[in-house]
């Protein structure tokens with residue numbers, strides 16, 4: 055056998071291994087869809103659709119499985135987080151790429167990247183110590199609230215969001231900026247009409263990634279949100295999200311117990327939401343897929 | 005200078021962000037650092053005295069994250085190589101990409117719930133280091149794929165073309181050209197993945213348990229630093245539990261920082277191989 | 005020393021020397037976690053071949069886990085219903101007082117049982133109405149899986165539910181810390197050694213006194229449940245844990261003085 059033939063054979067084996075790894079990942083994904091889908095299906099066959107996704111009352115021991123309070127909680131918390139975090143992250147990106155000297159940029163990226171690795175329990179710990187009292191002093195009530203959870207999440211997603219925004223802003227060719235300034239545009243006009251305009255798609259994608267991160271966070275939220283499974287009528291009221299309620303109820307509804315499948319339904323909702331976000335990114339075209 | 009209002013606002017926003025993170029880290033370090041001693045790092049936790057430590061948790065964190073990474077780095081890298089270097093039918097790649105992005109953004113509590121149903125309930129494993137490693141591996145795999153794909157796509161196509169034109173096979177091109185030039189980016193990306201894994205807690209509470217055994221083993225319960233921090237902050241009745249929580253947080257942060265620092269250094273050190281790019 | 009042993013164990017398990025595989029799982033009420041976690045290391049030191057894992061989740065979760073075989077020992081504050089108890093053996097630890105605690109700044113340290121009921125269900129919205137400061141009442145409660153909540157809803161609320169505006173905290177410790185830090189907060193905890201910085205309420209004519217704690221009418225009876233068919237070593241562990249010498253330091257006192 056010649057060396058070339060040997061190489062070819064090695065290559066076939068290697069290719070097979072790589073293909074197997076990729077196929078395993080896909081299989082893992084399908085296993086999630088399958089398990090959660092099957093669990094949710096059994097749940098719906100037994101309890102129907104109306105009293106679950108569209109229901110307002112949640113009391114699994116009494117057989118009430120309304121999930122609207124948690125869906126509302128998840129959406130509210132995510133919305134607060136993204137609205138608060140986006141301008142700040144954008145500021146960081148603008149400062150890093152357009153105000154500070156360019157040679158600092160690698161160091162800044164490294165620093166922001168390290169902040170993105172701070173464990174979420176630490177954000178929860180900090181939220182208990184600082185954000186909850188802050189919300190209590192500003193808005194009254196107990197402080198454990200959707201607002202507090204949103205604020206903690208906002209701080210948590212700022213590093214990720216800034217990093218993505220910096221990456222996007224770096225892609226704008228310096229010539230464009232120089233050209234715009236040379237034509238007499240003020241720095242502000244250049245920023246608004248050239249830089250930000252040209253990276254709208256990646257910025258939107260960054261926003262969607264941030265939404266995904268905020269929607270999926272569990273520990274930091276659970277520590278400050280108050281955990282109350284009633285429909286939240288105010289942002290200052292305690293509430294719960296889909297993720298924090300799963301953590302609360304794994305103990306109450308162990309596998310095999312009446313109503314355990316409602317956890318599968320909640321998890322499936324999150325899975326569908328994440329899949330929706332993936333498709334949305336695809337549509338915007340920031341990411342290459344396939 | 006005129007017309008710089010937005011720039012000024014951006015600087016104010018950045019300062020605000022810096023202050024927020026400064027408060028966050030400053031408060032933690034201020035409370036936690038005085039508690040840390042060598043003794044704290046190697047003693048077992050205690051419920052009644054303030055002399056407890058985080059030794060077993062530290063070891064569990066290192067071993068579980070290490071084992072999970074050892075499983076997922078080859079698997080993730082292989083899948084990424086298929087995606088970037090070998091390719092497959094477009095339909096396969098589309099499904100692959102959608103799956104990996106979905107898994108990447110999936111809440112870790114959902115992964116915890118699934119591993120709990122599969123491994124603890126289905127396969128009747130005990131709450132253990134082993135089950136925790138599996139949970140961590142599921143969390144980490146899509147992340148490793150993501151950073152590997154990013155690292156591999158960073159290698160210019162001209163490298164591959166040159167190598168193939170010289171008669172190298174695809175596999176040799178991968179081994180001798182693509183992987184070495186992607187290595188720095190790969191190392192720093194994997195550093196991020198490992199650092200993220202160290203702070204994971206939601207996925208472990210119901211798969212690895214919230215205590216440590218006197219006898220270590222793959223089937224022993226495996227509380228990690230992040231889970232211990234959560235436990236201390238909520239349940240512990242130990243005197244100075246809050247101070248210990250802060251100290252645990254500082255240890256965790258230092259560990260994360262150390263991983264990031266070392267991988268960055270390593271990536272930097274590997275850079276010369278990348279020098280070809282500049283030619 | 006311990007660390008060395010540990011490294012040895014790790015090293016040995018890497019060397020492929022067969023490790024002991026007996027594993028006992030404990031699950032259930034979070035109020036018992038500290039007691040168990042304190043006693044367990046000593047027990048494990050005496051039984052070098054056995055590893056014990058613990059999770060919380062609440063009393064109901066513990067009972068269900070034992071019944072389904074997912075855990076060997078269930079920590080529960082609740083007496084299991086007849087259907088369950090037929091298959092299980094209980095190892096009682098004693099009685100654990102349940103206290104009603106308020107934040108320091110409410111200006112009240114005594115309520116009558118009906119007042120307590122109306123406070124907990126949310127009918128009384130301000131401490132002024134029971135003679136305290138002008139501060140809104142914020143009820144802090146445990147999730148449905150909690151044994152303490154079960155006892156409260158049965159014994160004090162007479163079947164009514166805790167206020168829909170209550171904050172839910174997963175565990176006994178989190179609840180205590182929330183009451184301590186939140187103005188106007190009212191909650192209930194199973195006794196713990198570090199109850200400082202909160203007002204312990206007197207209810208009607210009963211006032212909690214650590215030395216005469218058997219006079220206090222509100223308590224749970226934490227018990228370790230095992231399946232009747234469980235191996236002897238599991239029963240041994242449950243029995244040893246239930247007679248832990250340190251349990252008094254966690255507020256558990258014998259049912260018959």
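Residue numbers (our numbering), protein chains in the order written: chain R, 55 to 344; chain H, 5 to 283; chain C, 5 to 261.
For each residue, glycine too, the CB sits at the ideal point set by N, CA and C.
Any C-beta of chain H under 9 angstroms from that of residue i
i	result
residue 297(R)	yes
residue 106(R)	no
residue 25(C)	Any reading at residue 25(C) is ruled out, since the residue's pLDDT is 49, under 50, leaving its predicted position unreliable.
residue 168(C)	no
residue 83(R)	yes
residue 289(C)	No answer is possible for residue 289(C): the residues shown for chain C start at 5 and end at 261.
Sequence-distant residues of its chain with Cβ nearer than 7 angstroms to residue i (five each side left out)
i	result
residue 147(H)	108, 197, 200
residue 300(R)	317, 320, 321
residue 131(H)	124, 211, 212, 213, 225
residue 265(R)	132, 136, 331
Any C-beta of chain A under 9 angstroms from that of residue i
i	result
residue 142(C)	Among the protein chains of the structure shown, namely R, H and C, there is no chain A.
Residue environment, residue i, which counts as buried when at least 16 other CB atoms sit within 10 Å
i	result
residue 266(C)	Residue 266(C) falls outside the range modelled here, since chain C spans only 5 to 261, and no answer is possible.
residue 73(H)	buried
residue 150(H)	buried
residue 84(R)	exposed
residue 81(C)	buried
residue 191(R)	exposed
residue 312(R)	exposed
residue 303(R)	buried
residue 58(R)	exposed
residue 19(H)	exposed
residue 256(R)	buried
residue 115(R)	exposed
Cβ shell of residue i (< 6 angstroms), same chain only, five flanking positions each side left out
i	result
residue 181(H)	163, 167
residue 195(R)	290
residue 189(C)	107, 142, 144, 183
residue 175(C)	34
residue 136(C)	110, 111, 112
residue 25(C)	Any answer about residue 25(C) is weak, because its pLDDT of 49 lies below 50 and its placement is not dependable; what the coordinates show is given next. For residue 25(C), where only same-chain residues beyond five positions count, there are no Cβ hits under 6 angstroms.
residue 129(H)	123, 135
Chain C contact for residue i (CB, 9 angstroms cutoff)
i	result
residue 306(R)	yes
residue 205(H)	no
residue 196(R)	yes
residue 127(R)	no
residue 147(H)	no
residue 303(R)	yes
Proximity test, Cβ basis, 9 angstroms: residue i and chain R
i	result
residue 147(C)	yes
residue 228(C)	no
residue 109(H)	yes
residue 7(C)	Its pLDDT being 48, under 50, residue 7(C) is placed unreliably in this model, and the coordinates cannot settle the point.
residue 187(C)	yes
residue 113(H)	yes
residue 138(H)	no
Cβ shell of residue i (< 8 angstroms), same chain only, five flanking positions each side left out
i	result
residue 90(H)	174
residue 279(R)	127, 131, 198, 199, 200, 202, 203, 292, 293, 294, 295, 298
residue 88(C)	67, 71
residue 111(H)	206
Open item on the list: Using a Cβ-Cβ cutoff of 7 angstroms, what residues of the segment 51-68 of chain C are near chain H? List them in chain order.
Closed with: Those residues of the segment 51-68 of chain C that come within reach of chain H (Cβ to Cβ, closer than 7 angstroms) are 52, 55, 56, 57, 58, 59, 60.
Task: Contact list for the segment 70-92 of chain C against chain H, Cβ threshold 7 angstroms - done: When CB distances to chain H are screened at a threshold of 7 angstroms, the residues of the segment 70-92 of chain C falling below it are 74, in chain order.
TODO: Count the C-beta pairs between the segment 56-63 of chain C and the segment 39-47 of chain C that are closer than 8 angstroms, then say yes if the count reaches three, no if not.
DONE: The count of Cβ pairs closer than 8 angstroms, one atom from the segment 56-63 of chain C and one from the segment 39-47 of chain C, reaches three, so the stretches are in contact.
- [ ] Evaluate the contact criterion for the segment 174-190 of chain R versus the segment 217-228 of chain R: three or more CB pairs, one atom per stretch, below 8 angstroms.
- [x] No, the segment 174-190 of chain R does not touch the segment 217-228 of chain R.
Open item on the list: So, does the segment 20-32 of chain H touch the segment 170-180 of chain R, judging by three or more C-beta pairs under 8 angstroms?
Closed with: Three or more pairs of CB atoms, one per stretch, sit closer than 8 angstroms, so the segment 20-32 of chain H contacts the segment 170-180 of chain R.
TODO: Taking only beta carbons into account, state which residues of the segment 236-248 of chain C come closer than 9 angstroms to chain H, listed in chain order.
DONE: Those residues of the segment 236-248 of chain C that come within reach of chain H (Cβ to Cβ, closer than 9 angstroms) do not exist; the list is empty.
Open item on the list: Using a Cβ-Cβ cutoff of 7 angstroms, what residues of the segment 169-183 of chain C are near chain H? List them in chain order.
Closed with: Along the segment 169-183 of chain C, going in chain order, the ones with a CB nearer than 7 angstroms to a CB of chain H are 174, 175, 176, 177, 178.
Open item on the list: If the cut-off is 9 angstroms on Cβ atoms, which residues from the segment 85-110 of chain H count as contacting chain R, listed in chain order?
Closed with: Here the close residues are 85, 86, 87, 89, 90, 92, 94, 95, 96, 97, 98, 99, 100, 101, 102, 103, 104, 105, 106, 107, 108, 109, 110.
- [ ] Take every Cβ of the segment 59-72 of chain H, pair it with every Cβ of the segment 266-276 of chain H, and state whether three or more of those distances are shorter than 8 angstroms.
- [x] No, because fewer than three Cβ pairs between the segment 59-72 of chain H and the segment 266-276 of chain H fall closer than 8 angstroms, the two stretches do not touch.
Open item on the list: So if I threshold CB-CB distances at 7 angstroms, which residues from the segment 61-82 of chain H count as touching chain R?
Closed with: Within the segment 61-82 of chain H, the qualifying residues are 79, 82.
Task: Sufficient close CB pairs (3 or more, under 8 angstroms) joining the segment 63-83 of chain C to the segment 146-155 of chain C - done: Contact holds: three or more Cβ-Cβ distances are below 8 angstroms.
TODO: Could you list the residues in the segment 165-192 of chain H with a C-beta less than 7 angstroms from some C-beta on chain R, going in chain order?
DONE: Per Cβ criterion, the list reads 173, 174, 175, 176.
- [ ] Flag this pair as touching only if the segment 209-221 of chain R and the segment 136-147 of chain R have three or more C-beta atom pairs under 8 angstroms; answer yes or no.
- [x] In this structure the segment 209-221 of chain R lies against the segment 136-147 of chain R, because at least three pairs of beta carbons, one per stretch, are closer than 8 angstroms.
Open item on the list: By the 8 angstroms beta-carbon criterion, what residues does the segment 189-204 of chain C contribute toward chain R?
Closed with: Within the segment 189-204 of chain C, those residues whose Cβ lies closer than 8 angstroms to any Cβ of chain R are, in chain order, 189.
Open item on the list: To be precise: take each residue of the segment 30-60 of chain H, compare its Cβ to all Cβ atoms of chain R, and keep it if any distance is under 7 angstroms. Which residues remain?
Closed with: From the segment 30-60 of chain H, only 31, 32 have a Cβ closer than 7 angstroms to chain R.
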